[in-house]
Amino acid sequence: MVKLADGSEKGLKGHFKEDFSHRVREGLAPRSGHVDRDVPYKRIATEEAWTFPALVKAQLDYFDSGEAPDDDSLRMGAMFANMPSLQEMLQDLGELRIAHMDELGIDRQLLLLTAPGVQVVRPDEGTALARQANDLAAAACAKYPTRFSALAAFDPRDVAGSVKELERAAKLGLNGAVLNSHFQGRYLDEPEFVPILEALEANDLALYIHPTAPFNAPHYESRGFFGALGGFPHDVWLHTMGLIFSGAFDRFPKLRLVIGHLGECMPLHLYRFDWMQGNADNRARPGQEPVKLQKTVSHYFHNNIWITTSGVGWEPGIKFCQQVLGPDRVLYAMDYPYQQSADELAAYDRMDMTPEVKKMLMEDNARSVFRIRG
Ligand code: MN
Numbered sequence: 548m549v550k551l552a553d554g555s556e557k558g559l560k561g562h563f564k565e566d567f568s569h570r571v572r573e574g575l576a577p578r579s580g581h582v583d584r585d586v587p588y589k590r591i592a593t594e595e596a597w598t599f600p601a602l603v604k605a606q607l608d609y610f611d612s613g614e615a616p617d618d619d620s621l622r623m624g625a626m627f628a629n630m631p632s633l634q635e636m637l638q639d640l641g642e643l644r645i646a647h648m649d650e651l652g653i654d655r656q657l658l659l660l661t662a663p664g665v666q667v668v669r670p671d672e673g674t675a676l677a678r679q680a681n682d683l684a685a686a687a688c689a690k691y692p693t694r695f696s697a698l699a700a701f702d703p704r705d706v707a708g709s710v711k712e713l714e715r716a717a718k719l720g721l722n723g724a725v726l727n728s729h730f731q732g733r734y735l736d737e738p739e740f741v742p743i744l745e746a747l748e749a750n751d752l753a754l755y756i757h758p759t760a761p762f763n764a765p766h767y768e769s770r771g772f773f774g775a776l777g778g779f780p781h782d783v784w785l786h787t788m789g790l791i792f793s794g795a796f797d798r799f800p801k802l803r804l805v806i807g808h809l810g811e812c813m814p815l816h817l818y819r820f821d822w823m824q825g826n827a828d829n830r831a832r833p834g835q836e837p838v839k840l841q842k843t844v845s846h847y848f849h850n851n852i853w854i855t856t857s858g859v860g861w862e863p864g865i866k867f868c869q870q871v872l873g874p875d876r877v878l879y880a881m882d883y884p885y886q887q888s889a890d891e892l893a894a895y896d897r898m899d900m901t902p903e904v905k906k907m908l909m910e911d912n913a914r915s916v917f918r919i920r921g
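Add 547 to the 1-based position in the sequence shown for the numbering used here, that's all there is to it.
As structure tokens, then:
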């Protein structure tokens with residue numbers, strides 16, 4: 548429950564219970580699992596969350612001002628802001644985080660600015676906060692070059708500012724970019740945002756689309772389905788399909804897209820996507836010429852899209868995705884600090900894969916997609 552300036556309270560129900568912070572502090576799963584330190588691969592975790600005080604304050608200030616649009620994503624940010632133990636872990640880019648990584652057997656984290664990020668603050672503050680985030684992330688990577696890599700934040704509502712910031716982030720040596728899915732119900736598939744896609748491709752930055760709470764969706768909240776039970780995967784699914792059917796990957800064939808949580812269930816549907824492609828091909832969207840894709844939907848999953856295993860340390864699902872996408876397209880992720888578990892790490896070590904495929908999953912694919920050296 549978030550306390551507002553006028554003393555009233557507003558909170559998300561269902562998935563985001565008040566005791567969530569407590570569960571994170573205790574660990575969502577016990578850390579007691581035995582993690583083997585002597586494995587023939589590094590463990591690179593590729594969806595690991597962080598934030599910083601100025602952003603948390605900007606989210607809370609905007610939310611409390613009553614001037615923000617009714618946005619469940621911002622409300623989620625305000626709720627996270629009021630969880631001290633969670634914030635302690637999110638805001639640390641040093642010894643505490645590294646101690647947890649050592650405890651869990653993680654060699655390197657790829658840092659992502661946690662949802663909802665800079666895209667929910669006052670529109671004129673987003674790019675400046677993205678710049679601060681990227682400087683802080685780059686400094687952490689420079690201080691701990693063998694432990695951290697990071698994705699760049701940007702605020703897509705400021706297209707020109709995003710293009711400049713992505714160029715700057717590439718020069719800073721950041722490893723890609725992250726967007727916490729929709730921004731007040733908008734998506735990168737609209738023509739206005741094409742320069743951002745162009746800048747991502749031109750600067751060789753993979754784009755990670757991470758979930759956030761869906762926009763104005765009381766039908767999710769009332770059922771407790773805001774997060775992993777529905778809202779998160781559904782919103783990233785929509786964003787990904789929107790990008791594909793906008794023709795983004797025909798226009799920018801080297802654009803790399805990464806989606807978490809085993810591809811938000813989408814790999815299971817590749818057969819049907821191709822079968823039903825005609826439903827959306829050639830359909831005019833508001834303000835946009837009709838687009839007919841040059842390839843099948845599954846083609847883009849085999850050429851432009853990579854997935855991570857964040858939150859789904861589950862052998863049958865991972866092996867299915869390796870089988871249908873190719874073992875080079877599936878990357879390990881933990882989702883620190885939201886879902887940390889040594890038992891889960893031990894389960895990855897036990898998974899029945901050839902040594903080559905296991906190393907691709909845990910290390911090699913991350914290095915390749917996110918240009919991680921060292
Ligand atoms: Mn996550």
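Each residue gets a CB set at the ideal place from its N, CA and C atoms; glycine is no exception. Keep in mind the model is a prediction, meaning the values are calculated, not measured.
C-alpha gap between residue i and residue j, whole angstroms
i	j	result
Phe917	Phe610	34 angstroms
Asn821	Asp828	For clarity, residue 821 is Asp in the given sequence; the question names Asn instead. C-alpha separation (whole angstroms): 11 angstroms.
Val706	Arg733	13 angstroms
Tyr691	Ile791	36 angstroms
His569	Ser632	Residue placement at His569 cannot be trusted, given a pLDDT of 44 that sits under 50; what the coordinates show is reported in the next sentence. When rounded, the distance between both Cα atoms is 8 angstroms.
Leu643	Ala880	19 angstroms
Ser696	Pro670	28 angstroms
Tyr818	Asp682	42 angstroms
Asp890	Pro884	15 angstroms
Val586	Gln656	17 angstroms
Pro780	Ala689	33 angstroms
Ile653	Ala592	7 angstroms
Asp838	Phe740	In the sequence as presented, Asp is not what sits at residue 838; that position holds Val. For Val838 and Phe740, the distance between alpha carbons rounds to 16 angstroms.
Gly921	Arg590	13 angstroms
Pro800	Leu747	12 angstroms
Ile806	Thr787	8 angstroms
Ala717	Ile865	31 angstroms
Arg704	Met907	36 angstroms
Ile919	Ala724	14 angstroms
Counted within 10 angstroms of its Cβ, other Cβ atoms place residue i as buried (16 or more) or exposed
i	result
Arg584	exposed
Thr598	buried
Val571	Its pLDDT being 47, under 50, Val571 is placed unreliably by the model, and the measurement read from it follows with that caveat. By the neighbour-count rule (16 or more Cβ atoms within 10 Å), Val571 is buried.
Tyr895	buried
Pro616	exposed
Lys905	buried
His581	exposed
Asp619	buried
Ala913	buried
Met823	exposed
Gln887	buried
Ser612	exposed
Asn826	exposed
Leu841	Sequence inspection shows Gln at residue 841; the Leu mentioned does not correspond to that position. That one is exposed.
Met834	Before going further, note that residue 834 is Gly rather than Met in the sequence given. So Gly834 counts as exposed.
Asp911	buried
Thr693	exposed
Gly794	buried
Ala646	exposed
Glu573	Residue confidence for Glu573 is low, a pLDDT of 45 falling below 50, so the modelled location carries little weight; the figure read from the coordinates is stated next. Glu573 is exposed by the Cβ-count criterion.
Strand pairing of residue i, partner residues [DSSP]
i	result
Gln656	Ala592, Phe695
Phe730	Arg733
Ile756	Leu726, Ile806
Thr598	In DSSP, Thr598 forms no bridge with anything.
Ala700	Val725
Ile854	Ile806, Val877
Beta-carbon gap between residue i and residue j smaller than 8 angstroms
i	j	result
Ala628	Gln634	yes
Pro758	Asp736	no
Leu930	Val859	Because the chain in this structure spans residues 548 to 921, residue 930 falls outside the shown range and cannot be described.
Leu721	Ala699	yes
Met909	Tyr588	yes
Ala601	Gln666	no
Leu659	Glu594	yes
Gly664	Asn727	yes
Phe701	Leu713	yes
Leu637	Ala684	no
Leu651	Leu744	no
Gly778	Ala760	yes
Gln731	Val668	no
Discussion item. Is it the case that the region 761-771 contacts the region 743-752, given that we only count it when at least three CB pairs across the two stretches are under 8 angstroms?
Written reply: Segments in contact, no.
Item to complete: Check whether the region 873-885 touches the region 837-845, taking contact to mean three or more Cβ pairs, one atom from each stretch, closer than 8 angstroms.
Response: As far as the Cβ criterion goes, the region 873-885 does not touch the region 837-845, which means the pair count is below three.
Discussion item. Across the region 849-858 and the region 807-820, are there enough close Cβ pairs to call them in contact, namely three or more that are closer than 8 angstroms?
Written reply: By the criterion of at least three beta-carbon pairs nearer than 8 angstroms, the region 849-858 is in contact with the region 807-820.
Worksheet item: Per the contact definition of three or more C-beta pairs closer than 8 angstroms, is the region 663-679 in contact with the region 707-722?
Response: Because the criterion of three Cβ pairs below 8 angstroms is met, the region 707-722 and the region 663-679 touch.
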